[in-house]
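Novice:
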Amino acid sequence: MLHECANLDDAWTVAIEALSWVELRRMNEDSALNRAINQLEVEDGDVVDEAKRLVFNVLKRRNTLDYLIDEALAPDELRLLDVGVRSFLRLYTYMIHYGGSSLQQVNDLAEHVRGLLGSKRLGPAEEAIEMIPHERLPWDTFTPTQDLAYRYFLPVWYVEYLKSHFNDQKVVEIIEPVETKYVRVNTLKADEGVLDDLISLGFRFVKVPGLRYTYQALDSPEGLVDTAPYREGMIIFQDKASVLVGEVASPKPTDLVLDVCAAPGVKTSHLAQLMGNRGRIVSVDYDERRLDSWRRLTEKMGVSNAEPVLADAAKPGELSTETADIVVLDPPCTGTGTFNESPSGKWRINRNSIRRMAGLQSRLLANSAAHVVEGGALIYSTCSVTVEENEAVITEFLDRHPSFALEEATPRIGEPGLERLTEAQRLYPSLHRCQGFFVAKIVKNR
């Protein structure tokens, strides 16, 4: 059912605008929503919440929605229509087939869009609007790969990729959606007793074994953002796979840490916490706007031992010449392990994206490793499950740099890495109740 909202018309307008920005500018859902909200000057929190819910659910199911729409449009095609009309049809189809909406609600949406876009722009889709409620997916005609792709709302090519690298059980463990949220208590601002205050407000938490200060948030964790401990930086949402990176790094208070691709700063704040705000962290990112986000978050979290540096670590010589005891590298990746949380990513990437990202990751790894002191360590992590972005990058690096060796990544909360890199760790959504993730620790021989 549609959530209660004082002005559904406004929520629909924001959702259609945001969906259009996702497609026009290849934005993620959060950026597109923020742009639409600012552009339309929406201040009603209920409208914003409903629009976010609609956008997330439409993007999550985009391939299935497009299939139903194309069937209703035949012989015409959705991709040939105006982007605003495409966004409306996806929202309309979601509401009918997955949103539990009444006939009156979807009719109201259609009338609203006629006023918003104009009947002339909507004209090519009028017949499809009548047909969409009657369309069904032909499950009995799908191949096993198509069945998984449409059942779990994934690109067919991605399911094919997974099936070529993993057995059927592991494929399901990777693509089965989870909605688990984790919080880390920030001991730079508070001790773990801060959870008692939140528990008194009705929130519930479960300690995560093997990870310090990390708890699974039960029930409705979204409400935590309206609490004082969250606003004041005493707690922060951080997936347990991401927390694992800091634990594997395990920096000492006397260390110099180089944090590469550091924005928005969540890992920086964790490293600072583990160091007790002592030692020194140099946080590098290539984009000044991302570093602005880093500054806001680290200030909120009470970090005082970290400094931001604007540099493109993919280019040789861009990083500082000094060596670090620990280098943490969380490079850009395809994000295949976060499709459940950021569904727009599913439709932005393709097979070539994996190859391009792996090339960038290899350059970043080689440049970052040049700054590891003898006896120091580099922690490499991605929120992707592809072999090319993980084991293949590490193997290629080790083959070219015999002074480095793979070391056990502890604590162990995941499965061993593939391709004989058993010292590394892999985490899978439905198996480990977190993002799909990879973590490896390589050390420089003395």
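Start counting at 1 in the sequence shown, then tack on 8, and there's your number in the numbering used here.
All C-beta atoms, glycine included, are put in the ideal place defined by N, C-alpha and C.
Quick caveat, the model's predicted, so the values are computed rather than measured.
Could you check what DSSP says for LEU318 in three-state terms: helix, strand or coil?
Specialist: Of the three classes helix, strand and coil, the one that applies to LEU318 here is strand, per DSSP.
Novice: Taking VAL91 as part of the alpha helix (DSSP H), name the residues at either end of that continuous run.
Specialist: Note, VAL91: alpha helix (DSSP H), 91-105.
Novice: Would you call the segment 58-76 and the segment 359-375 touching, i.e. three or more CB-CB distances under 8 Å?
Specialist: Cβ pair count under 8 Å is below three, so no.
Novice: For the beta strand (DSSP E) that contains ALA198, what are its first and last residues?
Specialist: Element bounds for ALA198: n/a, residue is neither H nor E.
Novice: Taking its Cβ as the centre, do 16 or more other Cβ atoms sit within 10 Å of TYR147, making it buried, or is it exposed?
Specialist: With the sequence shown as reference, residue 147 is identified as Trp, and Tyr is not the correct amino acid for it. TRP147 should be labelled exposed.
Novice: Here's a check: name, in chain order, each residue in its chain whose Cβ is nearer than 7 Å to the Cβ of THR342, leaving out the five neighbours to either side.
Specialist: ILE357, SER361, ILE362, MET365, SER392, THR394 and GLU397.
Novice: Thinking C-alpha only, which one of GLN113, PHE446, ARG34 and LYS178 is nearest LEU337?
Specialist: Per the Cα distances, PHE446.
Novice: In whole angstroms, give me the CA-to-CA distance for LYS128 and ALA118.
Specialist: Spanning the two alpha carbons is a distance of roughly 13 Å.
Novice: Here's the rule I'm using: 16 or more other beta-carbon atoms within 10 Å means buried, otherwise exposed. How should TRP165 be labelled?
Specialist: It counts as exposed.
Novice: Could you name the residues of the same chain whose beta carbon sits closer than 7 Å to that of HIS105, not counting the 5 residues immediately before and after it, in chain order?
Specialist: Correct list, in chain order: LEU76.
Novice: Note down, in chain order, each residue of its chain lying with its Cβ closer than 6 Å to the Cβ of GLU382, except the 5 sequence neighbours on either side.
Specialist: So the list reads LYS452 and ARG454, once near-sequence residues are dropped.
Novice: Determine the direct distance from the alpha carbon of GLU230 to that of VAL56, and round the result to whole angstroms.
Specialist: Those two C-alpha atoms are separated by around 14 Å.
Novice: Would you mind sorting SER228 into buried or exposed? The rule is 16 or more other CB atoms within 10 Å of its CB.
Specialist: SER228 is exposed by the Cβ-count criterion.
Novice: Roughly how far, in whole angstroms, is the beta-carbon of TYR223 from the beta-carbon of LEU203, given that I think they are within contact range, below 8 Å?
Specialist: Yes, they are in contact, since the Cβ atoms of TYR223 and LEU203 sit about 7 Å apart, within 8 Å.
Novice: Using beta-carbon positions only, say whether TYR388 and ILE182 come within less than 8 Å of one another.
Specialist: Against a cut-off of 8 Å, the Cβ pair of ILE182 and TYR388 comes out as no contact.
Novice: Keeping to the same chain, check which residues put their C-beta closer than 8 Å to that of GLU416; ignore five residues upstream and five downstream.
Specialist: Hits under 8 Å: GLU431 and LYS449.
Novice: Residue range of the alpha helix (DSSP H) that LYS215 falls in?
Specialist: Run containing LYS215: none in the alpha helix (DSSP H); it sits in the beta strand (DSSP E), 213-215.
Novice: Of the residues TYR100, ALA40 and LEU386, which one's Cα is nearest the Cα of ILE140?
Specialist: The shortest C-alpha separation from ILE140 is found at TYR100.
Novice: Quick one, are the C-beta atoms of LEU279 and PRO261 less than 8 Å apart?
Specialist: No, the pair does not count as a contact, with Cβ atoms beyond the cut-off.
Novice: Checking the sheet assignment: what are the DSSP bridge partners for ARG288?
Specialist: Per DSSP, LEU264.
Novice: Ignore the nearest five residues each way along the sequence and tell me which others in SER28's own chain have a CB closer than 6 Å to its CB.
Specialist: So the qualifying residues of the chain are VAL91, GLY92 and SER95.
Novice: Exposed or buried, what is ASP263 when buried is set at 16 or more other beta-carbons lying within 10 Å of its beta-carbon?
Specialist: By the 10 Å Cβ count, ASP263 comes out buried.
Novice: Using 8 Å as the threshold, is the C-beta distance between LYS275 and GLY254 below it?
Specialist: Yes. Within cutoff.
Novice: Rounded to whole angstroms, what is the Cα-Cα separation between GLU25 and ASP78?
Specialist: Whole-angstrom Cα-Cα distance: 21 Å.
Novice: Shortest alpha-carbon distance to GLU143 belongs to which of GLY201, ASP74 and ARG420?
Specialist: If we check each option's Cα against that of GLU143, ASP74 comes out closest.
Novice: What separation, rounded to the nearest whole angstrom, lies between the Cα atoms of VAL30 and LEU318?
Specialist: Their backbone Cα atoms lie some 28 Å apart in a straight line.
Novice: Since PHE446 sits in a beta bridge, which residues does DSSP pair it with?
Specialist: According to DSSP, PHE446 bridges with THR390 and ARG434.
Novice: Run the CB neighbour count on SER208, radius 10 Å, all protein chains shown included, and call it buried at 16 or more, exposed below.
Specialist: SER208 is exposed by the Cβ-count criterion.
Novice: Find the nearest neighbour of GLN443 within the set PRO185, LEU162 and GLU85, judged by alpha-carbon distance.
Specialist: Selected option, being the one with the closest Cα: PRO185.
Novice: What first and last residue would you give for the beta strand (DSSP E) that runs through PRO75?
Specialist: First, the residue type needs correcting, since residue 75 is Tyr and not Pro in the sequence shown. Segment 70-81 is the alpha helix (DSSP H) holding TYR75; no beta strand (DSSP E) there.
Novice: For the beta strand (DSSP E) containing ASP333, name the first residue and the last one.
Specialist: 332-337 is the extent of the beta strand (DSSP E) around ASP333.
Novice: Applying the criterion that 16 or more other CB atoms from any shown protein chain within 10 Å of the CB defines a buried residue, is THR329 buried or exposed?
Specialist: Under this definition THR329 is an exposed residue.
Novice: Would a C-beta distance cut-off of 8 Å place LEU232 and VAL335 closer than the cut-off?
Specialist: The answer is no: Cβ separation not under 8 Å.
Novice: Which value, in whole angstroms, describes the spacing of the CA atoms of VAL380 and THR418?
Specialist: Computed Cα separation, rounded: 19 Å.
Novice: Classify GLN113 as helix, strand or coil using the three-state DSSP reduction.
Specialist: GLN113 falls in the helix class under three-state DSSP.
Novice: Just confirm the distance between the C-beta atoms of PHE161 and ASN71, as a whole number of angstroms; I'd bet it's less than 8 Å.
Specialist: Right, their Cβ atoms sit about 6 Å apart.
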